[in-house]
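Chain order of the listed sequences is A and B.
Taking numbering that gives the first Met the number 0, the leading residue of the first sequence gets 0, the next gets one more, and so forth.
Taking numbering that gives the first Met the number 0, the leading residue of the second sequence gets 0, the next gets one more, and so forth.
Even for Gly, the Cβ is constructed at its ideal location relative to N, Cα and C.
Protein chains: 2
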Amino acid sequence: MENPLETILNPRSIVFYGANNNYMKMGSTQLLNILIAGYPGEIFPIHPREDEVQGFKAYKTVLDILPEKDLDFAFIVLPSEAVPKVLEECGQRGIKHAVVVSAGFREMGEIDLRKELLDITDKYGIKFLGPNCFGFFNNYISWDESKEGAINTTWVALNPKKGRVSIASQSGTFMSHVFMYARHKSPIGFNKTISLGNEASIDLVDSLEYLGNDPGTKVIGLYIEEIKRPREFMDVARRIISSKPIVALYVGGTKAGGRAVSSHTGSLAGNDQMFDAMVKQVGIIRAMNLEELLIYCYVLDVCPVPPGDRVCIFTNAGGPGANMADIAERLDIQVPEFSQELQDQLRTGLVSTAQVKNMVDLTFELDISKQYSGLPKKILKSDEVDGMLVYGIFGTTFFKLIEGYDVKAMFPIEEMEAVLFPMLKRYARFPEKYGKPIIASSMLGREDNAVAYLQDLNIPVFEMPYQAVKAFWALTQYRKILEKFKNQQ
Amino acid sequence: MENPLETILNPRSIVFYGANNNYMKMGSTQLLNILIAGYPGEIFPIHPREDEVQGFKAYKTVLDILPEKDLDFAFIVLPSEAVPKVLEECGQRGIKHAVVVSAGFREMGEIDLRKELLDITDKYGIKFLGPNCFGFFNNYISWDESKEGAINTTWVALNPKKGRVSIASQSGTFMSHVFMYARHKSPIGFNKTISLGNEASIDLVDSLEYLGNDPGTKVIGLYIEEIKRPREFMDVARRIISSKPIVALYVGGTKAGGRAVSSHTGSLAGNDQMFDAMVKQVGIIRAMNLEELLIYCYVLDVCPVPPGDRVCIFTNAGGPGANMADIAERLDIQVPEFSQELQDQLRTGLVSTAQVKNMVDLTFELDISKQYSGLPKKILKSDEVDGMLVYGIFGTTFFKLIEGYDVKAMFPIEEMEAVLFPMLKRYARFPEKYGKPIIASSMLGREDNAVAYLQDLNIPVFEMPYQAVKAFWALTQYRKILEKFKNQQ
Numbered sequence: 000m001e002n003p004l005e006t007i008l009n010p011r012s013i014v015f016y017g018a019n020n021n022y023m024k025m026g027s028t029q030l031l032n033i034l035i036a037g038y039p040g041e042i043f044p045i046h047p048r049e050d051e052v053q054g055f056k057a058y059k060t061v062l063d064i065l066p067e068k069d070l071d072f073a074f075i076v077l078p079s080e081a082v083p084k085v086l087e088e089c090g091q092r093g094i095k096h097a098v099v100v101s102a103g104f105r106e107m108g109e110i111d112l113r114k115e116l117l118d119i120t121d122k123y124g125i126k127f128l129g130p131n132c133f134g135f136f137n138n139y140i141s142w143d144e145s146k147e148g149a150i151n152t153t154w155v156a157l158n159p160k161k162g163r164v165s166i167a168s169q170s171g172t173f174m175s176h177v178f179m180y181a182r183h184k185s186p187i188g189f190n191k192t193i194s195l196g197n198e199a200s201i202d203l204v205d206s207l208e209y210l211g212n213d214p215g216t217k218v219i220g221l222y223i224e225e226i227k228r229p230r231e232f233m234d235v236a237r238r239i240i241s242s243k244p245i246v247a248l249y250v251g252g253t254k255a256g257g258r259a260v261s262s263h264t265g266s267l268a269g270n271d272q273m274f275d276a277m278v279k280q281v282g283i284i285r286a287m288n289l290e291e292l293l294i295y296c297y298v299l300d301v302c303p304v305p306p307g308d309r310v311c312i313f314t315n316a317g318g319p320g321a322n323m324a325d326i327a328e329r330l331d332i333q334v335p336e337f338s339q340e341l342q343d344q345l346r347t348g349l350v351s352t353a354q355v356k357n358m359v360d361l362t363f364e365l366d367i368s369k370q371y372s373g374l375p376k377k378i379l380k381s382d383e384v385d386g387m388l389v390y391g392i393f394g395t396t397f398f399k400l401i402e403g404y405d406v407k408a409m410f411p412i413e414e415m416e417a418v419l420f421p422m423l424k425r426y427a428r429f430p431e432k433y434g435k436p437i438i439a440s441s442m443l444g445r446e447d448n449a450v451a452y453l454q455d456l457n458i459p460v461f462e463m464p465y466q467a468v469k470a471f472w473a474l475t476q477y478r479k480i481l482e483k484f485k486n487q488q
Numbered sequence: 000m001e002n003p004l005e006t007i008l009n010p011r012s013i014v015f016y017g018a019n020n021n022y023m024k025m026g027s028t029q030l031l032n033i034l035i036a037g038y039p040g041e042i043f044p045i046h047p048r049e050d051e052v053q054g055f056k057a058y059k060t061v062l063d064i065l066p067e068k069d070l071d072f073a074f075i076v077l078p079s080e081a082v083p084k085v086l087e088e089c090g091q092r093g094i095k096h097a098v099v100v101s102a103g104f105r106e107m108g109e110i111d112l113r114k115e116l117l118d119i120t121d122k123y124g125i126k127f128l129g130p131n132c133f134g135f136f137n138n139y140i141s142w143d144e145s146k147e148g149a150i151n152t153t154w155v156a157l158n159p160k161k162g163r164v165s166i167a168s169q170s171g172t173f174m175s176h177v178f179m180y181a182r183h184k185s186p187i188g189f190n191k192t193i194s195l196g197n198e199a200s201i202d203l204v205d206s207l208e209y210l211g212n213d214p215g216t217k218v219i220g221l222y223i224e225e226i227k228r229p230r231e232f233m234d235v236a237r238r239i240i241s242s243k244p245i246v247a248l249y250v251g252g253t254k255a256g257g258r259a260v261s262s263h264t265g266s267l268a269g270n271d272q273m274f275d276a277m278v279k280q281v282g283i284i285r286a287m288n289l290e291e292l293l294i295y296c297y298v299l300d301v302c303p304v305p306p307g308d309r310v311c312i313f314t315n316a317g318g319p320g321a322n323m324a325d326i327a328e329r330l331d332i333q334v335p336e337f338s339q340e341l342q343d344q345l346r347t348g349l350v351s352t353a354q355v356k357n358m359v360d361l362t363f364e365l366d367i368s369k370q371y372s373g374l375p376k377k378i379l380k381s382d383e384v385d386g387m388l389v390y391g392i393f394g395t396t397f398f399k400l401i402e403g404y405d406v407k408a409m410f411p412i413e414e415m416e417a418v419l420f421p422m423l424k425r426y427a428r429f430p431e432k433y434g435k436p437i438i439a440s441s442m443l444g445r446e447d448n449a450v451a452y453l454q455d456l457n458i459p460v461f462e463m464p465y466q467a468v469k470a471f472w473a474l475t476q477y478r479k480i481l482e483k484f485k486n487q488q
C-alpha cells in the first residue's frame with residue numbers, strides 16, 4: 000500500500016477550507032504561501048459566502064466542484080466543530096487524503112469531537128495529518144515531470160534552499176521559523192518537512208517510514224514529544240539507518256519538558272533514559288536542542304562520513320583553534336600530534352611563529368594558497384587524520400565595509416578575489432576527493448563573501464568554533480552506527 | 000601606582016612603528032584602523048625611509064620628534080630583532096608605555112632576544128602589552144573631555160556597539176573577529192578589549208585588576224590559556240566579584256587544548272580540574288566555548304540579576320518552548336507549575352488551545368498585547384517566578400519579504416507597527432520595573448524588525464532557544480555567587 004504521505008506531500012490539486020480574502024487570517028496566509036512557493040496544481044477554495052478567494056473561483060461545498068475534476072486532497076483550517084461535516088463531504092466526493100490544521104480535538108478534552116472525526120475518516124478511508132498540525136513543505140513536488148515546483152502550507156512565505164534534509168515534527172509552527180533562520184545563517188537545504196500535530200491518523204512512524212523510502216531524502220530529522228508506537232518506531236528506524244542517518248530531538252523526558260508537551264499535544268511525557276537507550280540501540284543520533292538538530296542534519300547531508308575520529312584543527316587565530324581542540328577532546332574526537340615527517344612537510348614556507356603539531360596555526364599569512372591548497376592537501380592526503388576542522392575564513396567583504404576611504408585604491412580587492420574564489424572552488428572539492436570532511440567556522444558569518452561562497456559549495460562554515468566540532472562529532476557518530484550495523488550483518 | 004593600562008588604553012599620542020603606505024601590511028592596517036575608529040590624539044609614524052605615512056609626517060626615529068611633544072606611548076609592529084633598538088630609543092625619549100605586536104621572542108626559543116627586550120624595558124621602566132599580542136580596543140577613550148572617541152589597534156576596521164563588557168584575552172586576533180560577529184548577531188556592547196600576548200610585562204592579573212577598577216566596565220570576560228600568577232589572580236578576582244561578574248573561558252586544560260596553547264604562546268598548559276576548582280572557589284562563571292563567553296558577558300551587562308532560579312517559559316510555538324523547558328531543567332533552573340490562581344488569571348481571553356501551566360503557550364494569537372503586556376505583567380508581578388524565557392518575537396519584516404505581491408494592500412503593516420513598537424518599548428522596561436530578566440529567542444534573527452528593536456532596547460533576543468536558557472543560567476550563577484559572598488561577609 001502506498002504511504003498516504005506520498006499523495007499529501009505531492010497533491011495534484013488542493014481543496015482548501017478556511018481561506019478568504021483577509022490575509023490576517025491563518026488559513027488565508029497558508030493559501031497565500033502555497034501560491035508564493037510555486038505550487039503547480041489546481042486550487043479549489045471552499046467558502047460558504049465568497050465567490051472568489053485570492054483570485055480563485057470559490058465553491059460553497061466540495062460537492063459543487065465539477066465531478067470530472069480529479070480531487071484527492073483537502074487542506075482544512077476551520078474551527079474544530081466544522082471539521083466533521085466537511086470531512087464527510089470530502090469522503091462523499093472520494094477524497095482520501097487531508098491535512099487538518101484545526102486544533103481543539105484533544106487538548107481540551109473534546110473526546111467526542113475527536114471520535115466523530117475518526118468515525119468519518121475510517122468510514123471513507125481518509126488518511127490525514129493532524130489535527131492541530133501546521134501543514135508541510137515539499138521543495139520537490141512531483142507528480143508530472145512538466146509540473147515542478149514547491150508546496151509550502153506553513154505560515155512562512157519563504158522557500159528554504161533545496162537539499163536533502165527532511166524533518167518530521169510533533170511541534171507545529173517552528174519548522175517554518177527555521178526557513179527564516181536558514182536565510183540568515185548556514186544554508187541547510189531542505190527536501191520535505193512534515194508537521195504531525197496530534198497524530199490521529201498519520202503518525203511519527205508513518206512519517207519516518209515515508210521519509211526512509213523517499214529517494215529525495217538523504218537525512219531525516221525528528222522533533223519528538225512522544226513516541227506512541229515505540230516498537231514499530233524502532234523497527235522502522237533500524238531498517239533506515241544503514242542507508243540514511245536519523246537525528247532526533249526529544250523534549251518530553253524531563254519534568255518541565257514533559258509538562259510542556261503533555262498539555263500541548265495532549266500526549267503523555269515519555270522517559271528520558273528510556274528514550275536515550277532506545278536511540279542508542281537503534282542507532283539514532285540524539286540532538287539536545289534545535290540547533291544541534293539543524294547542525295547535525297546539515298552536515299550529514301553535505302559532508303562525507305569520515306573514516307575515523309581523528310581530526311586536524313586548522314586555524315589562523317590561536318584562540319578559536321585552541322577552543323576547538325579543547326572541545327574536540329571533551330567529545331572524544333582525537334586531535335593526534337602529527338608525525339615529525341608530516342610536521343616537516345607542513346612547516347616549509349610558513350612564518351616562524353606558525354605551528355604545525357596539530358593544531359595547525361598559520362597565524363598571519365598573506366599567501367592564501369597555504370590555507371586553501373598546499374597544507375590541507377598534505378594533511379588530508381596523509382593517513383594521520385580523518386577530517387579537518389577549520390577556523391578563519393575571510394573574504395574581501397571585510398575591506399569593503401570600510402567607510403569614508405577609497406578602499407579600492409588601498410587594497411587590491413579585485414586581484415585578491417581573482418585568486419581567492421577559484422582557489423575556494425578547488426578547496427570545496429577536497430572532501431569528496433579525499434573522502435574526508437572539512438568543516439569550518441568563521442565569526443564573520445555569511446555576510447563575508449568567502450564564507451557565503453564556501454557554504455554555497457557545500458562546505459559548512461558555522462559562526463562559532465564549537466558548532467564545527469559538534470558537527471564533526473555527529474559525523475563520527477554516524478560512522479560508528481554504520482560500523483555497528485555492518486558487524487551485525 | 001597607576002595601572003599602566005590606563006595610559007595604554009587611553010594614549011594621548013601614539014608613536015607608531017611598522018606602518019607604511021602599503022595597506023596589505025599588518026602594521027599599516029592597524030594604523031589605518033586606529034584612524035577609522037576615530038582616535039582623537041596625535042600620531043607620529045616612525046619610518047626609516049618614508050617622509051609621510053598615511054598622511055602623517057613620518058620620522059626616522061622617535062628622537063627626531065620635537066622635544067616639546069608629550070610622548071608616552073609606542074605601538075610596535077616590527078620584526079622582533081628590530082624591537083630592542085627602538086625600545087631603547089623610546090626609553091631615551093621618556094616613553095614608559097608600549098604595545099609590542101611583534102612575535103618571535105618566545106615561541107621559537109629566542110630566549111636571548113626576550114631577555115634583551117626585558118633588560119631595556121626594566122632599565123627605562125617601560126610597561127608593555129605583548130610581545131605577540133594584537134593590540135586593544137577602547138570604545139571610550141578619555142583623557143580630555145573635549146577629546147572623545149574610540150581607539151582600535153586591531154585588524155578589523157569596525158567599532159563594536161558601545162557597552163560595558165570588557166575582555167582580556169591571551170589569544171590575539173579573535174577578539175577583533177568578534178566585532179564582525181556582533182554586527183550580524185546580538186548587539187553585545189563592548190567597553191574595552193585587551194590582547195595580552197606573551198605577557199612579558201603586563202599580564203592577566205594586571206588586566207583583571209585594571210578592568211576591576213575601571214568604572215566603564217560592568218562585566219569582565221577572560222580568555223585564558225594559562226594563569227601564571229594563580230594566587231594573585233584569585234586574590235584580585237575575589238575583590239572584584241562582589242561588584243562585577245567575571246566570566247572565563249579556559250582552553251588549556253585538555254591534552255589537545257594544552258598542546259594547542261603551549262606552542263602558541265609558549266606557555267605550559269594548566270590543569271582543567273584545578274582551574275575548575277579555582278573558579279568555583281573564587282566565584283568566576285566558567286564558559287566552555289567562545290559563544291558562552293559572549294552570551295554570558297552580554298546578559299550580565301544588560302539584564303537584572305534574578306532574585307531566584309524560577310523561570311516562566313513563554314512561547315507562541317510549542318516546540319521551541321518545550322525545548323527551553325527541557326534544557327532549563329537539565330541546567331537546574333526551575334520551571335514551576337503555576338498556582339491555580341495565577342493560571343486562572345492568565346487563562347482569561349486566551350484561545351482554548353493555549354496553555355498556562357508554565358510553560359505558557361499562546362499558540363496562534365493575533366492580539367499582541369497578550370504577549371507583550373497583559374500576561375508578562377501578571378507573571379512578573381507574581382511571586383511565582385524570577386524571570387521569563389521567551390520564544391517567538393515576530394515583527395513585520397516577515398510580511399515585507401514577500402515578493403511579487405502588493406504586500407501593503409494585503410497586510411495592515413503600518414497599523415501593526417503603530418501598535419507593536421510602542422508596546423515593545425514598554426515591554427523592554429519590565430525587567431527593570433520588576434527586577435526580573437526577560438531573555439528571548441526568535442529564529443527570525445536580527446533581520447526581523449521587532450527582534451532588532453528589542454535588542455536595541457537591551458532585551459536579549461537570541462536566535463536559538465537554548466541560548467536564552469544558558470544566558471539565564473549565567474544570571475542565576477551570578478546571583479549564587481553574590482549570595483555566597485554576602486554570607487562570607
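Three-state secondary structure assigned by DSSP to residue i
i	result
Pro-375(A)	helix
Met-463(B)	coil
Glu-413(A)	helix
Pro-430(A)	helix
Ala-73(A)	strand
Bounding residues of the alpha helix (DSSP H) (the contiguous stretch that carries residue i)
i	result
Val-82(B)	82–91
Thr-396(A)	396–399
Arg-329(B)	317–329
Met-179(A)	173–183
Gly-26(A)	25–36
Val-204(B)	203–212
Best match in the options for proximity to residue i [C-alpha to C-alpha]
i	options	result
Arg-489(A)	Ser-242(A), Gln-280(A), Gly-256(A)	What is shown of chain A runs 0 to 488, which leaves residue 489(A) out entirely.
Leu-248(A)	Cys-296(A), Asp-202(A), Asp-213(A)	Cys-296(A)
Ala-286(A)	Val-246(A), Val-310(A), Ser-175(A)	Val-246(A)
Gln-454(B)	Gly-434(B), Pro-464(B), Ala-427(B)	Ala-427(B)
Arg-92(B)	Val-99(B), Gly-196(B), Pro-66(B), Val-100(B)	Pro-66(B)
Alpha-carbon spacing of residue i relative to residue j, whole angstroms
i	j	result
Asp-234(A)	Pro-459(A)	32 Å
Thr-440(A)	Glu-224(B)	Rather than Thr, the amino acid found at residue 440(A) in this sequence is Ser. Looking at the two C-alpha atoms, the distance is approximately 20 Å.
Gly-126(A)	Ala-97(A)	Sequence inspection shows Lys at residue 126(A); the Gly mentioned does not correspond to that position. In a straight line, the C-alpha of Lys-126(A) is about 6 Å away from that of Ala-97(A).
Arg-48(B)	Lys-56(B)	12 Å
Ser-168(B)	Phe-178(B)	14 Å
Arg-445(A)	Gly-391(A)	13 Å
Glu-41(A)	Leu-62(A)	16 Å
Val-468(B)	Phe-313(B)	12 Å
Arg-113(B)	Pro-436(A)	41 Å
Val-304(A)	Tyr-222(A)	23 Å
Glu-208(B)	Ile-239(B)	8 Å
Bounding residues of the beta strand (DSSP E) (the contiguous stretch that carries residue i)
i	result
Leu-345(A)	No beta strand (DSSP E) holds Leu-345(A); the alpha helix (DSSP H) holding it covers 339–346.
Lys-243(A)	No beta strand (DSSP E) holds Lys-243(A); DSSP gives it neither H nor E.
Buried or exposed by the 16-neighbour rule on C-beta atoms within 10 Å, applied to residue i
i	result
Leu-474(A)	buried
Glu-1(B)	exposed
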